[in-house]
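In what follows, a single structure is set out as structure tokens and then discussed.
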Amino acid sequence: MNDTAVELIQFRMSHFNEKARWALDIKQVPHTRRTLLPGPHRFMVKRLTGQTKTPVVRFGDTAVHGSAKIIDELERRFPTPPLYPEDDADRARALEIQDWLDGDIGPRIRRAALAAIVDDAGQISRTFAADRSLAVRGLYRVTIPIARGMIKKGNGITGAASIEDGYAAAAEALDFVVSQSGDSGYLIGGRFSVADLTAAALLAPAANPPDSPMTRPTPLSASVAAWLDRWKDHPGTAWVHRQYRQHRPPSAQLH
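Printed below as a string of structure tokens:
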């Protein structure tokens, strides 16, 4: 890989991966994308980074993992347009919001969103393997029942209480963006920043922004439809949709 090439290693449908994708696109950084299947991804990602989570962005031979670290590196390498507020206090608050969403809200929402699909191999295959060949989709679908216990354990799906906690996280974050955005419509400093990007991306599994990389594949299972129906009339969902309409640019992916 040459020193200037940028590559995103991602899952097709994941809110943390969407956060990194959005940052690359808003800065219009030309890049390639390598989309992995959850499960088999572990071997490549661990070889590159020593851990097993996506997203990963390779800047030449340097691999950066984790959406917050990726955005920090993008701000350093590609400062325009900025995602960090210029004012020191605003920047500190934006990063504090990002840390809270990344560390607390995001994993809990993921738990509930995965719980809605984990028992439906077809829905999982449509979610993560829709762009693969029929043969690969079929093989992946067959392996899902074998991996189901590992998926649940790895994401903390331990029963009804753990799932309800994910619902509580989505409600908390949706309430937060409504209460904090105020007249400007933004969380910090009256302009779009890393705080808004993080909130919109990590709430995408609940808000299902239309015509976006995070639009749910159809047909929807009954459990996914029920999950989305719970949030469709929340004003925080409208806030997420507005961020996507106004600030989610076309892909900067190289083809």
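Residue 2 in my numbering sits at position 1 of the sequence shown, and the numbers go up by one each step.
Glycine included, every Cβ here is placed at the ideal spot set by N, Cα and C.
No experiment lies behind these values; they were computed from the predicted model shown.
For residue i, the residue or residues it bridges with in DSSP
| i | result |
| --- | --- |
| residue 10 | 35 and 57 |
Backbone secondary structure at residue i - three-state DSSP
| i | result |
| --- | --- |
| residue 64 | strand |
| residue 254 | strand |
| residue 87 | coil |
| residue 151 | helix |
| residue 81 | coil |
| residue 217 | coil |
Candidates the options, of which the one nearest residue i by Cα
| i | options | result |
| --- | --- | --- |
| residue 14 | 62, 87, 147 and 210 | 210 |
| residue 140 | 38, 247 and 215 | 38 |
| residue 16 | 137, 230, 112 and 159 | 112 |
| residue 62 | 190, 233, 8 and 69 | 8 |
| residue 106 | 231, 199 and 226 | 199 |
| residue 73 | 32, 108 and 194 | 194 |
| residue 188 | 250, 148, 84 and 104 | 84 |
| residue 232 | 196, 53, 161 and 167 | 167 |
| residue 197 | 236, 162, 245 and 152 | 245 |
Contacting residues, own chain, Cβ-Cβ under 7 Å from residue i (five flanking each side not counted)
| i | result |
| --- | --- |
| residue 50 | 57, 64 and 66 |
| residue 185 | 191 |
Own chain partners of residue i with C-beta closer than 8 Å, once the 5 adjacent residues on each side are dropped
| i | result |
| --- | --- |
| residue 221 | 124 and 229 |
| residue 55 | 10, 11, 12, 15, 17, 18, 37, 42, 46 and 66 |
| residue 216 | 209 and 210 |
Across the segment 128 to 135 and the segment 80 to 98, are there enough close Cβ pairs to call them in contact, namely three or more that are closer than 8 Å?
no
Taking 8 Å as the threshold, find out whether the segment 220 to 240 comes into contact with the segment 174 to 187 through three or more Cβ pairs.
yes
Are there three or more Cβ pairs, one per stretch, closer than 8 Å when the segment 26 to 44 is compared with the segment 67 to 80?
A contact exists between the segment 26 to 44 and the segment 67 to 80.
So, do the segment 199 to 206 and the segment 162 to 177 have three or more beta carbon pairs nearer to each other than 8 Å?
yes
Is it true that the segment 156 to 164 meets the segment 103 to 122, where meeting means three or more beta-carbon pairs spaced less than 8 Å apart?
yes
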